[in-house]
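> In our numbering, the protein residues as written are 552 to 980. Even for Gly, the Cβ is constructed at its ideal location relative to N, Cα and C. Take this structure first; my questions come after.
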């Protein structure tokens, strides 16, 4: 597909340290939320100063423009004079930007907020933004003064889970699921695929405020990145994903392979399961091989460990790299997205299989969500997530199919993964 030129003007920003408890009030609904309790990081954004959207052909040029080193001009001195916020561009990239039909969103969408407040390591900061030439320093200072004078609204406290279950409608029935698993296994035995990750959807009522859902997810899954991306027309995309896609700082890149699943009680069995180890190794090798094409050095541990979450355990391998001169975020996304953890092996053949047979509009599910800024980014794979619209949450649930998989066992695995959102919806109702 042809590459498209993009016009991304520089933005100006002004930062301030905030006293503990200082919080903005009267700004309306959050437009973006990002939290990683394990790192003591929380990011909240209100409003949009500027937004840019793209299709598949414009993805690379847009990411290159958003992450250019001079993309933000700080009005309060040198770049290292004080703490700088993550981003400031926030947004998401679809699993397959060539096939996207979600209302309220775009296949590629990033925006700079009007105001961003973030907590990092116990300290609270704020930043106000504007497009260069469209606001004065005094206007940005006024926004920050409003934050300093703001009240202290309490963050929602997660109530205990309710005993009654949320009534779920399986948008994709077990018969269709079994047929798709059987077809995937046929293609695997024919040598066309080694692995393919298929997904299904589940619709459940979602009457609770998204802030209460975020509080539940954040409290229950501190190892995960809890996120909210507000769409247009009252839509929202929310989740708590265990999988980092990349953390980029200049030429230094950190990513991970997260594949192979079991119940928490069976976590250690993952290290003795040939099926799960094989599935995990494919993801590791794909990431490492792709990164070697754009990196000076790639570091991969010799064996995976187990990452145990509240409702499921995974095999985990951290991977780090130093990018070659001239390579950046656009190259990383082109090389790695989608990973075999959400697509399959071989990657192109798996994505074609999904396009032809899955019959599911994944949208942003299994895509990328997070923050992008000057020569840096923090993006996660959008898993354990739901699209919320008109009082209904559509949950997306996937499982990797390899030789030895069965429709029943993989259905059960998706049920385990559904608990993250179902528990939050029950508790926050």
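(1) Output the boundary residues of the alpha helix (DSSP H) element that contains residue 730.
(2) For residue 616, which option in 562, 666, 920, 579 has the closest C-alpha, if you only look at C-alpha atoms?
(3) Taking Cβ positions, are residue 849 and residue 808 nearer each other than 8 Å?
(4) Roughly how many whole angstroms lie between the Cα atoms of residue 805 and residue 797?
(5) What residue range is occupied by the uninterrupted beta strand (DSSP E) comprising residue 746?
(6) Using a Cβ-Cβ cut-off of 8 Å (strictly less than) and excluding sequence neighbours within five positions of residue 765, which residues of its own chain qualify?
(7) Using the rule of at least 16 other Cβ atoms within 10 Å of the residue's Cβ for burial, across every protein chain shown, is residue 647 buried or exposed?
(8) Short of 7 Å in beta carbon distance, which residues of its chain neighbour residue 565, apart from the five on each side in sequence? Order them along the chain.
(9) Are the segment 820 to 832 and the segment 841 to 848 touching by the rule of at least three beta carbon pairs closer than 8 Å?
(10) So residue 672 packs on residue 595, CB below 8 Å; how close in whole Å?
(11) Classify residue 579: buried if its beta carbon has 16 or more other beta carbons within 10 angstroms, exposed otherwise.
(12) Name the one or two DSSP bridge partners that residue 805 has.
(13) For residue 936, which residues of its own chain have a beta-carbon under 7 Å away from its beta-carbon, when the five flanking residues on both sides are left out?
(14) If I measure Cβ to Cβ from residue 630 and keep anything under 7 Å in the same chain, skipping five residues before and after, which residues do I get?
(15) Reducing DSSP to helix, strand and coil, say where residue 876 ends up.
(16) Classify residue 967 as helix, strand or coil using the three-state DSSP reduction.
(17) By the 10 Å Cβ neighbour count, where 16 or more other Cβ atoms means buried, how is residue 635 classified, buried or exposed?
(18) Which first and last residues belong to the alpha helix (DSSP H) in which residue 611 is found?
(19) Tell me which residues share the same chain as residue 684 and place their Cβ nearer than 7 Å to its Cβ, disregarding the 5 neighbours each side in the sequence.
(20) Output yes or no for whether 8 Å exceeds the beta carbon distance between residue 613 and residue 597.
(21) Can you list, in chain order, the residues of its chain with a C-beta nearer than 6 Å to that of residue 658? Leave out the 5 residues immediately preceding and following it.
(22) Alpha carbon to alpha carbon, how far is residue 978 from residue 866? Give it in angstroms, no decimals.
(23) Exposed or buried, which one is residue 771 when buried takes at least 16 other CB atoms within 10 Å?
(24) According to DSSP, residue 920 sits in a beta bridge with which residue or residues?
(25) What residues are listed by DSSP as bridge partners for residue 669?
(26) Are the beta-carbon atoms of residue 942 and residue 757 separated by less than 8 Å?
(27) With distances taken Cα to Cα, identify the nearest neighbour of residue 920 among 904, 864, 748, 640.
(28) Does the distance from the C-beta atom of residue 668 to that of residue 575 stay below 8 Å?
(29) For a test of your reading of the model: does the CB of residue 751 fall under 7 Å from any non-hydrogen atom of the ligand FMN? Yes or no.
(30) Taking only beta-carbon positions, decide if residue 699 is within less than 8 Å of chain B.
(31) Taking the alpha-carbon of residue 840 as reference, which of 825, 897, 856 has the nearest alpha-carbon?
(32) By the 10 Å Cβ neighbour count, where 16 or more other Cβ atoms means buried, how is residue 785 classified, buried or exposed?
(33) Terminal residues of the continuous alpha helix (DSSP H) containing residue 766?
(34) Short of 7 Å in beta carbon distance, which residues of its chain neighbour residue 968, apart from the five on each side in sequence? Order them along the chain.
(35) Assuming contact is defined by CB atoms lying nearer than 8 Å, are residue 928 and residue 618 in contact in what I supplied?
(36) Would a C-beta distance cut-off of 8 Å place residue 749 and residue 953 closer than the cut-off?
By the coordinates alone:
(1) One-based indexing of the chain shown puts residue 730 at position 179. That run of the alpha helix (DSSP H) goes 725 to 740.
(2) In the chain shown, counting from the first residue as 1, residue 616 sits at position 65. It is 562 whose Cα lies nearest to the Cα of residue 616.
(3) Counting from one through the chain shown, the residue named residue 849 turns up at place 298. Counting from one through the chain shown, the residue named residue 808 turns up at place 257. Contact flag unset, no.
(4) If you number the chain shown from 1, residue 805 lands on position 254. If you number the chain shown from 1, residue 797 lands on position 246. Looking at the two C-alpha atoms, the distance is approximately 6 Å.
(5) Here the question's residue 746 lines up with position 195 in the chain shown. First-last of the beta strand (DSSP E) with residue 746: 746 to 756.
(6) Numbered from 1 along the chain shown, position 214 holds the residue referred to as residue 765. Correct list, in chain order: 584, 586, 707, 777, 779, 789.
(7) As a first step, residue 647 must be located in the chain shown, where it is residue number 96. So residue 647 counts as buried.
(8) If you number the chain shown from 1, residue 565 lands on position 14. Closer than 7 Å at Cβ, skipping near neighbours: 626, 627, 678, 679, 688, 691, 692, 695.
(9) no
(10) By 1-based counting over the chain shown, the position of residue 672 is 121. By 1-based counting over the chain shown, the position of residue 595 is 44. With 8 Å as the limit, residue 672 and residue 595 do not qualify as a contact, their Cβ atoms being about 16 Å apart.
(11) Translated into the one-based positions of the chain shown, residue 579 becomes position 28. So residue 579 counts as exposed.
(12) As a first step, residue 805 must be located in the chain shown, where it is residue number 254. Answer is 798, 871.
(13) By 1-based counting over the chain shown, the position of residue 936 is 385. Contacts found: 788, 789, 790, 792, 916, 947.
(14) For the purposes of this step, residue 630 is identified with residue 79 of the chain shown, where counting begins at 1. Here the model assigns residue 630 a pLDDT of 49, short of 50, so the residue's position is not dependable, and the following value carries that caveat. So no residue of the chain qualifies.
(15) The residue given as residue 876 occupies position 325 in the chain shown. In this structure, residue 876 counts as coil in the three-state DSSP scheme.
(16) Position 416 of the chain shown holds residue 967. DSSP places residue 967 in helix when its eight states are reduced to three.
(17) Numbered from its first residue, the chain shown carries residue 635 at position 84. With 16 or more other Cβ atoms within 10 Å, it is buried.
(18) Looking up residue 611 in the chain shown gives position 60. Looking at the DSSP string, the run of the alpha helix (DSSP H) that includes residue 611 is 610 to 617.
(19) Within the chain shown, numbered from 1, the residue matching residue 684 stands at position 133. For residue 684, where only same-chain residues beyond five positions count, there are no Cβ hits under 7 Å.
(20) Reading the chain shown from its first residue, position 62 is the one you call residue 613. Reading the chain shown from its first residue, position 46 is the one you call residue 597. No, these two residues do not count as a Cβ contact at 8 Å.
(21) Your numbering for residue 658 matches position 107 in the chain shown. The answer, listed in chain order, is 606, 645, 648, 651.
(22) Along the chain shown, read from residue 1 onward, the residue named residue 866 stands at position 315. Along the chain shown, read from residue 1 onward, the residue named residue 978 stands at position 427. In a straight line, the C-alpha of residue 866 is about 29 Å away from that of residue 978.
(23) As a first step, residue 771 must be located in the chain shown, where it is residue number 220. Result: buried.
(24) Residue 920 sits at position 369 when you count from the first residue of the chain shown. Answer is 643, 931.
(25) Taking the first residue of the chain shown as position 1, residue 669 is located at position 118. BP columns for residue 669 point to 594, 676.
(26) Walking along the chain shown from the start, residue 942 turns up at place 391. Walking along the chain shown from the start, residue 757 turns up at place 206. Cβ distance < 8 Å, so residue 942 and residue 757 count as in contact.
(27) In the chain shown, counting from the first residue as 1, residue 920 sits at position 369. The candidate whose alpha carbon is nearest that of residue 920 is 640.
(28) Translated into the one-based positions of the chain shown, residue 668 becomes position 117. Translated into the one-based positions of the chain shown, residue 575 becomes position 24. Closer than 8 Å, so yes.
(29) Questions concerning the ligand FMN fall outside what the structure shown contains, since it holds no ligand whatsoever.
(30) Structure shown: chain B not included; a single protein chain is present.
(31) Residue 840 sits at position 289 when you count from the first residue of the chain shown. Selected option, being the one with the closest Cα: 897.
(32) Looking up residue 785 in the chain shown gives position 234. Answer is exposed; the Cβ neighbour count stays below 16.
(33) Within the chain shown, the letter at position 215 stands for residue 766. Segment 761 to 771, the alpha helix (DSSP H) holding residue 766.
(34) Taking the chain shown and counting its residues from 1, the one referred to as residue 968 is at position 417. So the list reads 863, 935, 948, once near-sequence residues are dropped.
(35) In the chain shown, counting from the first residue as 1, residue 928 sits at position 377. In the chain shown, counting from the first residue as 1, residue 618 sits at position 67. Closer than 8 Å, so yes.
(36) The residue you call residue 749 lines up with position 198 of the chain shown. The residue you call residue 953 lines up with position 402 of the chain shown. It is not a contact, given that the beta carbons lie outside the stated cut-off.
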